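In full-length UniProt numbering, the protein residues as written are 1 to 520.
First comes the structure, then the notes that go with it.
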């Protein structure tokens, strides 16, 4: 565990954070290797251009590799507990006054027992008609929040803005970030809807890097999506491919790609291109701009590729330039180059998502780029992977009404909150609050917008005509994914779905949270 944090190391980036709160994350726990990765700090003179990189294998030959890590770090791990407690203690000291302003601050209300989880999710799932509380009717607080949330969705669908505002005002009186699942759900919805940045969010964001690493490491959502997509890509790459060209829709901090780099190096591939889509300049929770974030990610991945003797060429392109580049490559025949278009959207650790229109444009380009027209018909020179955390996989043709979409998102979001609860003991509640504030508010903002769902409905119908062909998931990948999430020890489960069995779904208490699909 001494070396495991070095992939994220950047002194300028981490210098403003409390030294004892920077979590170290081991890529053993989501990559395809079981031995510690011999990371080293980025050297000052490290070349920034791919042509300057020496191609030498610097990792020991005796390193053993496997598709699944031997174990996951849990709260049984003393080091992980200590590091999470550092975040918890720091945030608790910063927020002591703010937390006392919220009602219901008792440890017993913070964690819901498994039977209560099942009951709360089932209650929302089975509620099919709206009954607003009337005068003289005694309603349990949780049931009232449930009805108000559903009423808000229906009011938004019917564009009854005044009613929606009144419902939101009532929800504000009952919302609480340290209360029950529904109280927290209401709180995050209000924060996301109104774009408010409260004290808890501000303080939690100061420790963003540590929170990101802990969130990604502890919860299975991102690791499951990345592992499944990587497995599909690796399976699809033909042996004769000289160059593997990965096009990433939303690269973020690049945590998906170190395992891919290691495995391709082990297979003897000498050249990988990694193209990230360039979006408009924006800052993340820690105040780091997207251009700076990409440069930091590129340097870390270059360093990682050098350690494993893989020549990496990494660049950032906007969609217009990428379209032109793909047309030129296709005209040349793309000999020896295998394309992998990777699209992660709406995963909880990703923050605010991209527009449905951008996603649709990306997938249409992907399909056109990997399709080869030959004298003998059509073929393919690539694969497409989609990690979906917000519901792109839903049959939008059958679910047009925003009210029903909103209710479905409530079910998913409740399951997400309750799945996070099961990972945290009572005494680490401030750490849990920090992660929820930093990641769930942007996630809710991306999941509940009326305009976004209108766009998704349009893009879903348009994409159905593109002609994506399902790529069947392998059963051994299913078994490995189940081992990754420790299915036998938790309320999580993984199954293969779809008519063509091309979708792998991570669920909690039978509520889908993340769906990964594969296409050609």
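Backbone N, C-alpha and C define an ideal beta-carbon position, used for all residues, glycine too.
Note that the structure is predicted; figures quoted are calculated from it, not measured.
Cα-Cα separation, residue i to residue j
i           : j           : result
residue 228 : residue 516 : 7 angstroms
residue 177 : residue 326 : 47 angstroms
residue 217 : residue 294 : 21 angstroms
residue 352 : residue 442 : 5 angstroms
residue 487 : residue 160 : 44 angstroms
residue 390 : residue 296 : 28 angstroms
residue 358 : residue 164 : 29 angstroms
residue 528 : residue 321 : Missing from the structure shown is residue 528; the chain here goes from 1 to 520 and no further.
residue 154 : residue 347 : 26 angstroms
residue 457 : residue 401 : 10 angstroms
residue 262 : residue 174 : 49 angstroms
residue 411 : residue 466 : 31 angstroms
residue 504 : residue 331 : 34 angstroms
residue 190 : residue 506 : 27 angstroms
residue 333 : residue 369 : 11 angstroms
residue 324 : residue 290 : 23 angstroms
residue 192 : residue 492 : 27 angstroms
residue 194 : residue 249 : 28 angstroms
residue 437 : residue 207 : 12 angstroms
residue 338 : residue 268 : 15 angstroms
residue 253 : residue 354 : 16 angstroms
residue 251 : residue 292 : 13 angstroms
residue 499 : residue 145 : 37 angstroms
Proximity below 7 angstroms, CB of residue i to CB of residue j
i           : j           : result
residue 260 : residue 230 : yes
residue 278 : residue 318 : yes
residue 469 : residue 385 : no
residue 222 : residue 304 : no
residue 502 : residue 518 : yes
residue 415 : residue 473 : no
residue 435 : residue 210 : no
residue 444 : residue 187 : no
residue 413 : residue 182 : no
residue 316 : residue 276 : yes
residue 224 : residue 514 : yes
residue 265 : residue 310 : yes
residue 220 : residue 485 : yes
residue 409 : residue 447 : yes
residue 156 : residue 167 : no
residue 274 : residue 233 : no
For residue i, the three-state DSSP class (helix, strand or coil)
i           : result
residue 420 : helix
residue 472 : coil
residue 404 : helix
residue 481 : helix
residue 326 : helix
residue 523 : Nothing can be reported for residue 523, as the shown portion of the chain is limited to 1 through 520.
residue 517 : strand
residue 217 : helix
residue 338 : strand
residue 318 : coil
residue 348 : helix
residue 256 : coil
residue 211 : helix
residue 72  : Annotation note: pLDDT 45 at residue 72 (below 50); position unreliable, coordinate value reported separately. In this structure, residue 72 counts as coil in the three-state DSSP scheme.
residue 455 : helix
residue 274 : strand
residue 495 : strand
residue 311 : strand
residue 248 : strand
residue 222 : helix
residue 511 : strand
residue 353 : coil
residue 15  : Note that residue 15 has pLDDT 31, beneath the 50 cutoff, so the model's placement of it is unreliable and no number is given.
residue 388 : strand
residue 505 : strand
residue 441 : helix
residue 178 : coil
Whole-Å CB distance - residue i paired with residue j, under 8 angstroms assumed
i           : j           : result
residue 255 : residue 340 : Contact doesn't hold; Cβ gap of about 17 angstroms is too wide.
residue 328 : residue 314 : Contact doesn't hold; Cβ gap of about 19 angstroms is too wide.
residue 343 : residue 387 : 7 angstroms
residue 171 : residue 143 : Wrong, their Cβ atoms sit about 13 angstroms apart, outside the cutoff.
residue 420 : residue 429 : Not confirmed; about 11 angstroms, so no contact.
residue 336 : residue 241 : 6 angstroms
Residue-chain proximity (residue i, chain D), Cβ-Cβ < 7 angstroms
i           : result
residue 516 : Of the chains in the structure shown, none is chain D; there is only one protein chain.
With a threshold of 8 angstroms, are at least 3 pairs of Cβ atoms found where one atom belongs to the stretch 425-432 and the other to the stretch 476-493?
Output reads no: the stretch 476-493 does not touch the stretch 425-432.
Checklist entry - On the three-pair Cβ rule with 8 angstroms, is the stretch 358-365 touching the stretch 403-415? => result The stretch 358-365 makes no contact with the stretch 403-415: fewer than 3 CB pairs, one atom from each, lie closer than 8 angstroms.
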